[in-house]
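Novice: One structure coming up, written as structure tokens, with questions to follow.
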Amino acid sequence: MTYSRWKPAGGAERANYGLFLQDLCDLIYVSRPDPTTDNPAQDAYVLERAVTFSEGAKASTGRIDLYKRGCFVLEAKQGTESPDQQQKVDRAELGLSPEKRRKGHALRGTPKWEQMMQATRQQALDYVRALPANEPRPLFLLVADVGYCIDVYSNFAGVGDSFVPFPDQNRYRLSLSKLDNEETRAMLRLIFTDPRELDPSRQAARVTRELAGYLASLSAQLEKAGHAPDRVLMRCLFTMFSEDVGLIPKESFTGMLHQYAQPDLREFLPDALQTLWRTMDTDGFSPDLKARLRKFNGKLFHEATALPLTLAQKV
4 MTYSRWKPAG GAERANYGLF LQDLCDLIYV SRPDPTTDNP AQDAYVLERA
54 VTFSEGAKAS TGRIDLYKRG CFVLEAKQGT ESPDQQQKVD RAELGLSPEK
104 RRKGHALRGT PKWEQMMQAT RQQALDYVRA LPANEPRPLF LLVADVGYCI
154 DVYSNFAGVG DSFVPFPDQN RYRLSLSKLD NEETRAMLRL IFTDPRELDP
204 SRQAARVTRE LAGYLASLSA QLEKAGHAPD RVLMRCLFTM FSEDVGLIPK
254 ESFTGMLHQY AQPDLREFLP DALQTLWRTM DTDGFSPDLK ARLRKFNGKL
304 FHEATALPLT LAQKV
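Dropping the structure here:
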């Protein structure tokens with residue numbers, strides 16, 4: 004898939020979306036969808052997956068553009084780069100009737116286009132609700148403007164339809180050009196193959212286990228060297244916790260640790276920690292965190308000291 008190949012795409016999405024999604028599968032190195040059968044229960048990964056909408060005594064059939072059981076529902080639409088007015092002028096100059104060939108649902112970047120994307124999201128949610136109750140809920144909902152972008156929404160609870168922008172409100176829209184980035188392709192690959200791996204709570208638990216193992220090892224090394232490290236390590240953990248819950252600015256302490264991890268700054272880390280913890284014990288401005296901190300009660304940071312570390316322990 005290349006941006007230049009799909010940028011001119013126009014017309015109704017039915018003319019393009021199947022080929023576009025197959026190109027996407029090739030790009031992120033996942034298998035293409037299976038052939039659709041006459042039994043929706045067998046259609047675990049297909050284009051045009053049939054679902055039934057029940058409205059009282061009436062029933063109707065809808066079709067999901069791309070579906071993978073337990074992973075995602077994807078609905079596609081086709082935006083355009085060509086304003087409607089320009090299309091009318093072009094046809095008039097050719098002596099043709101004002102009725103124009105369809106170029107797409109809406110001009111990209113306009114309020115009408117945003118409405119189209121939100122309406123498509125709602126359509127995808129309707130498909131999620133219509134899935135049989137015995138099928139696992141999809142963890143992701145994808146909205147594609149063919150040849151232009153993919154909006155990503157997640158619901159890691161696996162129940163209901165509370166899908167939220169993923170990974171956040173500022174980065175949920177993936178323009179086609181972002182697919183040049185391997186991290187973006189890897190994320191999409193997981194959505195297709197192992198979406199639970201993208202659950203932030205699972206990643207946080209993994210990091211917590213790794214951190215606990217590292218701190219336990221570090222504590223043993225410091226104790227062997229004749230230090231009493233428990234209170235120092237507790238200060239580190241509480242400072243990290245304070246960052247997580249917003250008592251100090253987000254990513255400020257971890258950013259400070261990354262900064263002092265540089266070879267020419269490592270020797271100053273104990274001094275920097277002592278200065279920070281003294282500020283947390285009294286309140287005041289922290290130059291390293293670039294923020295004014297409130298006083299932390301409980302005397303955890305009273306007479307705070309940081310232990311010198313060897314190079315191996317700092318790494």
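Residue numbers (my numbering): 4 to 318. Where is the CB? At the ideal position from N, CA and C, for every residue including glycine. As the structure is a prediction and not an experimental result, all values here were calculated from the model.
1. Taking only beta-carbon positions, decide if Val149 is within less than 7 Å of chain D.
2. By how many angstroms is the C-alpha of Lys80 removed from the C-alpha of Gln89?
3. Is it the case that the Cβ atoms of Ala133 and Phe56 are separated by a distance below 7 Å?
4. Determine the direct distance from the alpha carbon of Pro203 to that of Asn19, and round the result to whole angstroms.
5. Arg52 lies in the alpha helix (DSSP H); which residues open and close that run?
6. What do you get for Phe271, buried or exposed, if any count of 16 or more other CB atoms within 10 angstroms of its CB means buried?
7. Shortest alpha-carbon distance to Asp46 belongs to which of Lys298, Ala60, Glu138 and Met259?
8. Would you be able to state if there are at least three C-beta pairs under 8 Å between the region 234 to 250 and the region 193 to 202?
9. Grab the span of the beta strand (DSSP E) containing Ser157 for me, first residue to last.
10. Can you give me the C-alpha to C-alpha distance between Leu142 and Gly59, rounded to a whole angstrom?
11. Does the Cβ of Arg52 have 16 or more other Cβ atoms within 10 Å, making it buried, or fewer, making it exposed?
12. Mind checking who Ile67 pairs with in its DSSP beta bridge?
13. Compare the C-alpha of Ala62 against each of Gly112, Val54 and Tyr151 and name the closest.
14. Measure the beta-carbon distance from Tyr130 to Asp154 and round it to whole angstroms, keeping in mind my assumption that it falls under 8 Å.
15. Going by C-alpha distance, which of Thr39, Pro290, Glu185 and Met190 is nearest Ser255?
16. Using the Cβ count rule (16 or more neighbours within 10 Å means buried), how would you classify Asn158?
17. Pull up the distance between the alpha-carbon of Glu117 and that of Asn173, whole angstroms please.
18. Let me know the secondary structure DSSP gives Lys123 once reduced to three states.
Specialist: Inspection of the coordinates gives the following:
1. The displayed structure is made up of one protein chain only, and chain D is not part of it.
2. Because the pLDDT at Gln89 is just 45, under 50, the model does not fix this residue reliably, and the point stays unresolved.
3. Closer than 7 Å, so yes.
4. In this structure, the CA atom of Asn19 is about 34 Å from the CA atom of Pro203.
5. Per DSSP, Arg52 belongs to no alpha helix (DSSP H); it is in the beta strand (DSSP E), Tyr48 to Glu58.
6. exposed
7. Considering only Lys298, Ala60, Glu138 and Met259, the residue with the shortest C-alpha distance to Asp46 is Glu138.
8. As far as the Cβ criterion goes, the region 193 to 202 does not touch the region 234 to 250, which means the pair count is below three.
9. For Ser157, the uninterrupted beta strand (DSSP E) segment begins and ends at Cys152 to Ser157.
10. 28 Å
11. By the neighbour-count rule (16 or more Cβ atoms within 10 Å), Arg52 is buried.
12. Arg52
13. Val54
14. Not a contact, Cβ separation roughly 15 Å.
15. Pro290
16. buried
17. 15 Å
18. Residue 123 is actually Thr in this sequence, not Lys. Of the three classes helix, strand and coil, the one that applies to Thr123 here is helix, per DSSP.
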